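Colleague:
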Ligand code: HT7
Ligand code: ZN
């Protein structure tokens with residue numbers, strides 16, 4: 007693809023006020039008639055060419071104001087249609103295209119998923135349906151007519167409200183017409199047609215509007231949509247209460263499809279979902295699946311205001327809708343469940359995905375300034391770091407000013423295609439503060455590093471905190487400027503309570519937040535009665551790496567006493583990270599792991615046994631940093647085999663030292679309680695399964711793993727037991743895998759878990775297993791969920807095996823991506839994200855990864871998606 011630059015933004019010369027679409031559905035030859043009411047914008051030169059986007063289209067006919075256009079009046083290729091000299095007044099262009107939905111394996115545009123016709127138009131899929139100004143700042147009112155054989159597609163859906171329907175005289179064909187009164191960009195267009203089952207409910211909005219709620223699923227799956235429906239109603243209520251946002255149409259529909267490139271899509275009034283984020287039953291879905299459904303249902307629903315009513319001016323502003331909507335869904339889930347637990351799990355994801363991305367060749371600003379392929383910018387940086395920036399903004403200006411800023415944003419920009427500058431201006435106005443420096447967060451890639459050094463002067467009763475920030479270079483950005491960083495803090499006194507701080511000088515401190523705005527700042531606290539332990543970046547108040555060299559005793563103290571639960575968890579992570587880095591270095595140098603510190607192990611035992619703490623929190627504290635986290639902390643010359651060994655040794659040391667405590671806790675939790683997918687139930691299972699994971703490493707685990715598997719009445723427990731059996735290579739592993747397959751062979755989403763377990767097993771045979779499973783009858787390269795479960799899990803979630811020293815993991819991923827690319831380039835490109843850390847590897851692996859990246863780069867033809875990822879990886 008051509009480079010697209012933010013600096014080159016220009017509005018279109020023409021507006022398209024209304025779009026009338028007519029779909030005559032047929033598997034291999036669907037006819038699409040698009041009637042566009044086009045108006046030259048003010049200032050457009052008379053007769054300036056009208057250039058419409060297309061992608062692989064076959065033009066059947068084109069007419070202007072009802073008359074066929076002469077051949078010399080336009081040029082059409084599969085990838086564009088230009089009308090040379092359109093009238094200098096409003097006119098109607100009617101375009102007929104023919105498309106082949108059945109052959110569309112890219113899952114962008116109009117395609118079929120197990121017989122259901124569906125669309126995916128974000129980011130640039132609408133141009134695969136008809137020629138259009140396919141960009142988010144062209145807002146039109148859509149009316150959609152769909153016609154199909156009744157037997158093939160009894161259900162016909164599109165955005166908005168259904169206004170007309172009818173059936174042919176012989177009853178074999180029918181049609182429906184849908185009208186969406188809200189102007190929208192083409193990426194929010196959707197239509198669905200097929201033989202689907204309906205789950206219905208309703209919702210009355212705060213102002214009394216009755217909304218018809220519909221979830222469409224494949225026949226037989228009706229029972230598995232109840233949790234999604236419940237999550238939808240809770241989301242609708244929450245958006246009214248937390249943001250004052252009401253739903254605005256008479257009907258809200260969700261359709262679950264099996265073949266989908268991402269999680270879900272927020273098309274106006276007609277969300278289309280990967281069925282993974284709709285369908286759940288206790289026997290087939292884990293607690294993680296339930297929380298995923300709740301979060302994604304909420305996310306897509308919240309887009310109705312942040313994304314649809316207010317959309318993006320251009321794709322550089324993607325974080326305007328995505329970062330904000332992730333922030334909103336995270337807040338929703340925090341309110342529905344446990345705030346600290348949600349925060350910890352979000353930060354784990356942020357670090358694993360976004361920090362890793364930010365530290366490698368694919369790093370980019372939250373608002374990029376150049377792209378070659380927009381589909382590659384639906385990233386952890388745009389989504390997760392984008393959400394962190396909203397949270398940091400709220401911390402900096404305070405909750406009240408933030409709420410006023412949001413109200414102003416909704417008020418001022420409803421119906422607009424807006425920018426990040428528009429958004430920030432609302433908060434600057436609401437808070438009376440200059441937010442120009444905050445924009446730097448959106449423009450600069452890389453994870454800032456905050457160094458903190460504290461000194462206590464007992465005589466003067468003074469605590470001095472020296473803070474400094476730096477940001478490493480990233481592609482195209484060798485030097486960086488400081489950004490405004492909110493550092494939420496407490497000075498923890500000897501009894502575990504925060505000390506009262508009577509006087510402060512130096513950097514701006516508001517309540518419990520230090521505003522670090524310069525490259526370095528000193529904060530002086532006066533009247534500090536005793537030597538405090540600083541607890542910084544509470545609740546992870548900014549997306550930075552905190553470098554504070556606290557002694558082990560201080561960290562153990564925070565783990566035991568900090569009033570901020572996030573920093574209690576963080577203390578354990580920091581202790582483990584320091585030890586694991588040292589152990590990995592020792593192993594890589596041919597030595598053995600140093601012993602795990604006993605005081606740390608005993609602190610973990612204390613937390614595990616602390617009945618005042620909730621189960622979910624205890625589970626999180628017991629989970630060591632991931633191999634990916636440790637690799638990122640090491641940063642260069644990484645040896646993933648050594649990291650895996652160090653982590654395995656530490657887990658075993660903890661398990662051995664605490665076997666009795668863990669076995670006792672495990673057994674006490676084993677009393678049967680009926681399954682409920684709520685926070686309390688999920689927390690209890692998470693804790694018990696974490697204990698089982700430790701016990702699986704010691705003799706106490708032997709009988710317990712099999713029993714856990716056999717007695718499980720839900721997928722969370724059964725999968726945890728299966729994982730423990732397979733990962734430890736236990737005698738019962740093969741039998742459990744066979745049993746699992748047999749039980750769930752009719753449930754593709756459960757079989758995905760069976761693939762994941764085998765693809766993530768810490769065994770040198772895993773790559774052979776993965777290769778073999780690509781030929782399994784339940785596997786299909788055409789289904790993204792299957793591919794992600796096997797190939798994606800192996801390359802992203804099994805670092806030691808993907809990064810095998812012989813390079814075979816790299817070769818496998820490269821070959822798989824090369825094969826996939828002609829069919830589904832978005833999926834191929836996404837899988838190749840696994841190469842994002844290749845430069846941090848030790849020289850042997852680095853050389854092997856580079857060979858594979860170059861092998862991919864040499865393939866012709868190669869999609870723009872894969873060309874972009876591989877090109878940036880190699881740059
Ligand atoms: N806004 C949606 C993004 C999306 C997407 C992007 C590219 C290709 C396919 C896609 N499917 C969905 C999802 C969301 O953030 O809500
Ligand atoms: Zn989104």
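Numbering (full-length UniProt numbering), first residue to last: 7 to 881.
Every residue, glycine too, gets a C-beta built ideally from N, C-alpha and C.
Quantities reported herein were computed from a predicted structural model and do not represent experimental measurements.
Within a Cβ cutoff of 7 Å, which residues of the same chain sit near residue 233, ignoring the five residues on either side of it in sequence?
Modeller: One-based indexing of the chain shown puts residue 233 at position 227. Answer for residue 233: 286, 296, 299 and 683, listed in chain order.
Colleague: Could one say the Cβ of residue 706 lies closer than 8 Å to chain B's Cβ atoms, at least one of them?
Modeller: Among the chains in the structure shown there is no chain B, since it carries only a single protein chain.
Colleague: Starting from the C-beta of residue 789, find all residues in its chain whose C-beta is less than 6 Å away, skip the five residues before and the five after it, and write them out in chain order.
Modeller: Taking the chain shown and counting its residues from 1, the one referred to as residue 789 is at position 783. Within the same chain, residue 789 has close Cβ partners 265.
Colleague: Exposed or buried, residue 66, counting other C-beta atoms within 10 Å across all chains shown (16 or more means buried)?
Modeller: Position 60 of the chain shown, counting from 1, holds the residue named residue 66. Flag for residue 66 reads exposed.
Colleague: Have a look at residue 851 and residue 761 and give me their C-alpha separation to the nearest angstrom.
Modeller: For the purposes of this step, residue 851 is identified with residue 845 of the chain shown, where counting begins at 1. For the purposes of this step, residue 761 is identified with residue 755 of the chain shown, where counting begins at 1. If you take the alpha carbons of residue 851 and residue 761, they lie about 26 Å apart.
Colleague: Can you list, in chain order, the residues of its chain whose CB lies under 6 Å from that of residue 474, leaving out five sequence neighbours each side?
Modeller: By 1-based counting over the chain shown, the position of residue 474 is 468. So the qualifying residues of the chain are 457 and 526.
Colleague: Kindly confirm or deny that the segment 132 to 141 and the segment 159 to 170 touch, where touching means at least three C-beta pairs closer than 8 Å.
Modeller: The segment 132 to 141 vs the segment 159 to 170: no contact.
Colleague: For residue 927, does the count of other Cβ atoms within 10 angstroms reach 16, so buried, or fall short, so exposed?
Modeller: For residue 927 there is no data in the structure shown, the boundaries of the chain being 7 and 881.
Colleague: Taking the C-alpha atoms as reference points, what is the distance between residue 746 and residue 768?
Modeller: Numbered from its first residue, the chain shown carries residue 746 at position 740. Numbered from its first residue, the chain shown carries residue 768 at position 762. If I take the Cα positions, the gap works out to 20 Å.
Colleague: With distances taken between CB atoms, is the gap from residue 823 to residue 837 smaller than 8 Å?
Modeller: Numbered from 1 along the chain shown, position 817 holds the residue referred to as residue 823. Numbered from 1 along the chain shown, position 831 holds the residue referred to as residue 837. Going by C-beta atoms, residue 823 is nearer than 8 Å to residue 837.
Colleague: For a quick check, are the C-beta atoms of residue 805 and residue 652 less than 8 Å apart?
Modeller: By 1-based counting over the chain shown, the position of residue 805 is 799. By 1-based counting over the chain shown, the position of residue 652 is 646. No.
Colleague: Is residue 387 near the ligand ZN, in the sense that its beta carbon is under 7 Å from a heavy atom of that ligand?
Modeller: As a working note, residue 387 is residue 381 in the chain shown. Outside the cutoff, so no.
Colleague: Should residue 114 be labelled buried (16 or more other beta-carbon atoms within 10 Å of its own) or exposed?
Modeller: Counted from its first residue, the chain shown places residue 114 at position 108. Residue 114 comes out buried.
Colleague: Going by the beta-carbon positions, is the gap between residue 442 and residue 410 smaller than 8 Å?
Modeller: Taking the chain shown and counting its residues from 1, the one referred to as residue 442 is at position 436. Taking the chain shown and counting its residues from 1, the one referred to as residue 410 is at position 404. Taking 8 Å as the Cβ cut-off, residue 442 and residue 410 do not qualify as a contacting pair.
Colleague: Less than 8 Å separating the beta-carbons of residue 379 and residue 871?
Modeller: Here residue 379 corresponds to residue number 373 of the chain shown, with the count starting at 1. Here residue 871 corresponds to residue number 865 of the chain shown, with the count starting at 1. Closer than 8 Å, so yes.
Colleague: Are the segment 190 to 210 and the segment 169 to 180 in contact at 8 Å, needing three or more beta carbon pairs?
Modeller: They do not touch, by the three-pair rule.
Colleague: Of the choices 176, 575, 238 and 200, whose alpha-carbon is the least far from that of residue 206?
Modeller: Residue 206 sits at position 200 when you count from the first residue of the chain shown. For residue 206, the nearest C-alpha among the options comes from 238.
Colleague: What separation, rounded to the nearest whole angstrom, lies between the Cα atoms of residue 757 and residue 732?
Modeller: The residue given as residue 757 occupies position 751 in the chain shown. The residue given as residue 732 occupies position 726 in the chain shown. Between residue 757 and residue 732, the C-alpha separation is close to 15 Å.
Colleague: Between the Cα of residue 612 and the Cα atoms of 231, 563 and 650, which residue gives the shortest distance?
Modeller: The sequence position of residue 612 within the chain shown is 606, counting from 1. Taking only the C-alpha atoms, the option nearest residue 612 is 563.
Colleague: Mind checking residue 8: buried by the 16 CB within 10 Å criterion, or exposed?
Modeller: The residue labelled residue 8 in the question sits at position 2 within the chain shown. Classification for residue 8: exposed.
Colleague: Do the CB positions of residue 590 and residue 645 come within less than 8 Å of each other?
Modeller: Taking the chain shown and counting its residues from 1, the one referred to as residue 590 is at position 584. Taking the chain shown and counting its residues from 1, the one referred to as residue 645 is at position 639. In contact: residue 590 and residue 645 (Cβ atoms closer than 8 Å).
Colleague: Are residue 472 and residue 523 closer than 8 Å when you measure CB to CB?
Modeller: Position 466 of the chain shown holds residue 472. Position 517 of the chain shown holds residue 523. It is not a contact, given that the beta carbons lie outside the stated cut-off.
Colleague: Let me check one thing: in DSSP terms, what residues is residue 154 bridge-paired to?
Modeller: What you label residue 154 is simply residue 148 of the chain shown in a count that begins at 1. 180, per the DSSP bridge assignment.
Colleague: Of all the options 712, 420, 273 and 249, which has the alpha carbon lying nearest to the alpha carbon of residue 316?
Modeller: Translated into the one-based positions of the chain shown, residue 316 becomes position 310. Residue 316 has its Cα closest to that of 420, out of 712, 420, 273 and 249.
Colleague: What number of angstroms, rounded off, separates the C-alpha of residue 252 from the C-alpha of residue 215?
Modeller: As a first step, residue 252 is located in the chain shown; it is residue number 246 there, counting from the start. As a first step, residue 215 is located in the chain shown; it is residue number 209 there, counting from the start. In a straight line, the C-alpha of residue 252 is about 9 Å away from that of residue 215.
Colleague: Alpha carbon to alpha carbon, how far is residue 514 from residue 879?
Modeller: Along the chain shown, one-based indexing puts residue 514 at 508. Along the chain shown, one-based indexing puts residue 879 at 873. If I take the Cα positions, the gap works out to 40 Å.
Colleague: Please report the distance separating the alpha-carbon of residue 218 from that of residue 182.
Modeller: If you number the chain shown from 1, residue 218 lands on position 212. If you number the chain shown from 1, residue 182 lands on position 176. The straight-line gap from Cα to Cα measures roughly 18 Å.
Colleague: Residue 655 by DSSP, collapsed to three states: which one?
Modeller: If you number the chain shown from 1, residue 655 lands on position 649. It is helical.
Colleague: Taking buried to mean at least 16 other C-beta atoms within 10 Å of its own C-beta, is residue 290 buried or exposed?
Modeller: Counting from one through the chain shown, the residue named residue 290 turns up at place 284. Buried, by the Cβ-count rule.
Colleague: List, from N- to C-terminal side, the alpha helix (DSSP H) runs of 4 residues or more that fit wholly inside the segment 771 to 831.
Modeller: Taking only runs of at least 4 residues, the alpha helix (DSSP H) segments lying wholly in the segment 771 to 831 are 772 to 779, 790 to 793, 799 to 803, 805 to 808 and 814 to 826.
Colleague: Taking the Cβ atom as the reference point for each residue, do residue 358 and residue 634 lie within a distance shorter than 8 Å?
Modeller: Here residue 358 is taken as the residue at index 352 of the chain shown, counted from 1. Here residue 634 is taken as the residue at index 628 of the chain shown, counted from 1. Their beta carbons are under 8 Å apart, which means residue 358 touches residue 634 by this criterion.
Colleague: Looking at C-alpha atoms only, which residue of 81, 372, 327 and 739 is the closest neighbour of residue 716?
Modeller: Translated into the one-based positions of the chain shown, residue 716 becomes position 710. Taking only the C-alpha atoms, the option nearest residue 716 is 739.
Colleague: With a threshold of 7 Å (Cβ to nearest heavy atom), would residue 355 be considered close to the ligand ZN?
Modeller: Residue mapping note: residue 355 aligns to position 349 of the chain shown, counting from 1. No, since every heavy atom of the ligand ZN falls outside the 7 Å radius drawn around the Cβ of residue 355.
Colleague: What are the residues that DSSP puts in a beta bridge with residue 521?
Modeller: On the chain shown, position 515 is the one that residue 521 refers to. Bridge partners of residue 521: 492.
Colleague: Rank 273, 107, 714 and 695 by C-alpha distance to the C-alpha of residue 629 and give the top, closest one.
Modeller: The residue given as residue 629 occupies position 623 in the chain shown. The shortest Cα separation from residue 629 among 273, 107, 714 and 695 belongs to 695.
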